[in-house]
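In mature numbering (1 follows the signal peptide of the UniProt record, and there is no 0), the protein residues as written are -18 to -1, 1 to 250.
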């Protein structure tokens, strides 16, 4: 019921925008409160303030889109897990790239007991989605370190850039992998995996090669396909994990330590 109501409100907003004097709200406008801006950096600061332990536990979920009730259910499940440092949202936060969608999802996600971070998905790039995403979350490519891990978030939504050879930014990724002097676990997080048809085929070999040639990359994380998948898809020692959509009520739970990790598939 809640999902249907929100979908109706979005449709009404888009319809009434053209009616002068009837409805002033434009669904494509990018307006956020101060508390709704630069959330990734704000949450990174919260994560860095968490006392370090020998292991770091975090959740990979994604593709919330219009599954608001199911995302609420995810919050209950995630909050029942012990010692979760943070949650990673693997993209497609929104369905139509509208500011209100990002707001609605954030209003649910802030119910988590821990901070959450995002990477941009292809649906988040629709309409004014890029401007809205940058405003509420920040840069599309960024990284941070916590404990024995370096997390690298990168935009891999090549189709939305007409496979122009610039997305993903392999030079930036190479520099981020190289800037790891303590040899921390290098964990690359993106929305579209390189073996998907929405990833630029001209960049697939180079992307996978960067990961395979870095001894600190043991596994890498994605969403997009709305199903659980995992495996060493290139036979190069790098394990790829795809999380299912929130609509399918599942997520991955990871535990990491220096040089190692464990992955557990969770449903709710």
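Just so you know, even glycine gets a beta-carbon here, dropped at the ideal spot from N, CA and C.
- Annotated as distal: residue 132 and residue 156, with beta-carbon spacing of 8 angstroms or more.
- Apart from sequence neighbours up to five positions away, the residues of its chain that approach residue 36 with a beta-carbon distance below 7 angstroms are 239, ordered along the chain.
- With contact defined as three or more Cβ pairs closer than 8 angstroms, the stretch 145 to 162 and the stretch 180 to 189 are in contact.
- Just measuring C-alpha positions, the residue of 11, 63, 139, 213 sitting nearest residue 172 is 139.
- Setting aside the 5 residues that flank it on each side, residue 30 is surrounded in the same chain by 128, each with a C-beta closer than 7 angstroms to its C-beta; the list follows chain order.
- Rounded to the nearest angstrom, the Cβ distance from residue 87 to residue 40 is 18 angstroms, too far for a contact under 8 angstroms.
- Taking C-beta atoms under 8 angstroms as the contact rule, residue 73 and residue 44 qualify, at a distance of about 6 angstroms.
- For residue 175 and residue 223, the gap between their C-alpha atoms comes out near 9 angstroms.
- Short of 6 angstroms from the beta carbon of residue 203, and not among the five residues preceding or following it, lie these beta carbons of its own chain, in chain order: 42, 171, 223.
- With fewer than 16 other beta carbons inside 10 angstroms of its own, residue 61 counts as exposed.
- Annotated as proximal: residue 57 and residue 94, with beta-carbon spacing under 8 angstroms.
- When DSSP states are grouped into helix, strand and coil, residue 115 belongs to the helix group.
- Put simply, the backbone Cα of residue 101 is about 14 angstroms away from that of residue 47.
- Relative to the Cα of residue 164, the nearest Cα in the group 89, 177, 241 belongs to 241.
- A direct Cα-to-Cα measurement between residue 154 and residue 190 gives close to 14 angstroms.
- Counting the other Cβ atoms within 10 Å of the Cβ of residue 195 gives fewer than 16, which makes it exposed.
- A Cβ-Cβ separation of about 14 angstroms leaves residue 206 out of contact with residue 212 under the 8 angstroms criterion.
- Sequence-distant Cβ neighbours of residue 177 in its own chain, meaning closer than 6 angstroms and more than five residues away, are 215.
- Residue 144 carries a coil assignment under DSSP once its states are collapsed to helix, strand and coil.
- Non-local C-beta neighbours of residue 126 in its own chain, meaning closer than 7 angstroms and more than five positions away in sequence, comprise 26, 133, ordered along the chain.
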